[in-house]
Structure formats: C-alpha cells, structure tokens
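Here the sequence shown stands for residues 0 to 72, numbered as in numbering that gives the first Met the number 0.
Data first, discussion second: the structure below is written as structure tokens.
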Amino acid sequence: MSTNKQREAGKRAFPKDAEPSPQHVRPHLVLVPSPVSDHPAPKVEPSPEVKEMLREMTQKRRAVKESDPPDAA
C-alpha cells in the first residue's frame, strides 16, 4: 500500500487549513547575543615582506604619470 495520499481532482492532497502536528513544526529560532569580550581585538601587523611589497606598489603608482594623454576624438 502506498504511503502517499491520493489527491482528488481539484483538491489538495494536504489541505492548507489543516494544522501540522507539533512534531513536524520547526521550533522558533531564538537569537542570543554573544557575550562581549573584555579584551580588545588583536592588532594585526603585516609581515615585513608584505610591507615591502606595499611600499614598492605605492612607489610605482606615484612614479607612473600620464605623460602622453589620449587624444580627444
């Protein structure tokens, strides 16, 4: 025997007005704020390699000036 309910023509197999059983209802989600830490966030210091890379990038950006602007069409 099939466990699926047979649908009659023009009707729902599971009517919306029927209340779902409590075991099939998801419990309401309760949001609890996380406790605030007394410690400040740790300061992240970039590695020397990253500092050097950033320094080189900013120098290159400053060095590149648009000496030949595009022609106005």
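All C-beta atoms in this analysis are idealised placements derived from N, C-alpha and C, irrespective of residue type, glycine included.
On a predicted model such as this, the values are computed, not experimentally measured, just so you know.
### Message
When you compare the CB of A40 with every CB in chain B, is at least one pair closer than 8 Å?
### Response
Of the protein chains in the structure, only one exists, and it is not chain B.
### Query
Hey, how far is the Cα of E44 from the Cα of H27?
One C-alpha to the other measures close to 42 Å.
### Task
Alpha carbon to alpha carbon, how far is P34 from A40? Give it in angstroms, no decimals.
Straight through space, the alpha carbons of P34 and A40 are spaced by roughly 14 Å.
### Message
Does L53 come out as helix, strand or coil in the three-state DSSP assignment?
### Response
When secondary structure is reduced to three states using DSSP, L53 falls in the helix class.
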